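To convert, count from 1 in the sequence shown and add 660; that's my numbering.
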Amino acid sequence: MKFLTEDDLRMAYQDSPFDSFAIDQTRRLTPGARSFLSDRNIKLIDERDPHQLKQKRAIVTKSEPSFSKESRSWKWSLPWHSYRCRLLKVACHFRHKEGFVAEEIASIERCLATWIEGGDISCFLTTCQDQEATLDKSALLANLSSLGLLLPKARVEGLIALYDCYFSLEELIENAFAQRPECLDLLSDRLGRLLMEYLKNCKEVGDVSD
């Protein structure tokens with residue numbers, strides 16, 4: 661059974677708007693997805709109900725690939741699974757050095773795995789949205805430019821690994837979607853904040869100079 665989230669429906673709707681949506685024994689909707697349909701007065705058809713099945717109207721078939729054939733296919737998901745392995749490798753790097761960083765990276769990996777399988781990550785998104793300040797991406801780029809001069813420093817290897825994870829995720833998102841899903845934006849934002857926090861700690865202990 662697959663749970664469809666609000667982001668799944670939003671991407672399908674943006675690709676080709678629809679006025680009705682059907683679910684069957686293989687698909688269920690999260691509360692957020694149900695609210696998405698209700699807010700737009702989109703008719704929900706439960707194919708398990710014989711009375712509703714008779715009233716079923718044509719549903720835009722282009723919406724299906726967004727979450728069942730294309731977005732969750734084996735071929736489509738390969739780059740994402742490869743990226744999950746990269747995250748786990750980085751988490752192992754930090755495991756005996758900075759446990760908090762390792763745990764945060766592992767948490768991001770688990771969230772990404774849930775999203776790939778079409779699961780609900782609303783709890784994770786709520787945590788991300790609690791952040792007040794906007795991530796300063798220009799600061800990330802500015803600090804990246806000076807890393808080549810800092811290679812002898814003790815923690816630069818970990819810093820570069822975090823940069824690699826951040827920009828690789830950005831590249832994946834840009835290549836996979838015409839319009840970036842909010843959940844992945846928040847995931848990238850969380851990774852960027854972790855990177856900035858680690859960079860700040862490096863500066864405080866003198867491993868990276870300004």
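Ideal Cβ positions, reconstructed from N, Cα and C, are used throughout, including at glycine.
Keep in mind the model is a prediction, meaning the values are calculated, not measured.
Separation of residue j from residue i, as counted between CA atoms
| i | j | result |
| --- | --- | --- |
| Y858 | K703 | 48 angstroms |
| V761 | S695 | 35 angstroms |
| I820 | F837 | 26 angstroms |
| E763 | C771 | 12 angstroms |
| Y826 | L855 | 8 angstroms |
| D759 | L846 | Note that residue 759 corresponds to Gly in the displayed sequence, not to Asp. Using only the alpha carbons, I get a separation of about 22 angstroms. |
| L801 | E769 | 23 angstroms |
| L738 | L829 | 14 angstroms |
| D699 | G692 | 10 angstroms |
| N835 | S742 | 15 angstroms |
| T665 | L697 | 11 angstroms |
| L689 | S806 | 47 angstroms |
Residues of its chain near residue i, where Cβ-Cβ distance is below 6 angstroms and the 5 sequence neighbours each way are ignored
| i | result |
| --- | --- |
| V720 | A caution first: V720 carries a pLDDT of 36, below 50, which makes its placement in the model unreliable, though a value can still be read off. Excluding residues within five positions, the ones whose Cβ falls inside 6 angstroms are S676, F678. |
| K662 | R687, G778 |
| W740 | I776 |
| L844 | I833 |
Residue closest to residue i, alpha-carbon to alpha-carbon, out of the options
| i | options | result |
| --- | --- | --- |
| R746 | L832, R840, A836, M856 | L832 |
| S733 | F754, I683, I776 | I776 |
| I765 | L800, V750, S680 | V750 |
| K757 | S828, P691, E817 | E817 |
| K797 | Q674, L851, R670, N701 | L851 |
| R670 | Q839, S767, L748 | Q839 |
7 angstroms Cβ shell around residue i - same chain, five flanking residues per side excluded
| i | result |
| --- | --- |
| L804 | Y823 |
| E842 | D667 |
| R717 | Note that R717 scores 44 on pLDDT, short of 50, meaning its location in the model is unreliable; the coordinates nonetheless yield the value given after this. Answer for R717: S680, listed in chain order. |
| I781 | C771, T774, W775, C843 |
| Q674 | Q839 |
C-beta contact flag for residue i and residue j at 8 angstroms
| i | j | result |
| --- | --- | --- |
| A773 | R755 | no |
| R815 | C752 | no |
Contacts around residue i, its chain only, beta-carbon distance under 8 angstroms, and the 5 residues preceding and following it disregarded
| i | result |
| --- | --- |
| A799 | M856 |
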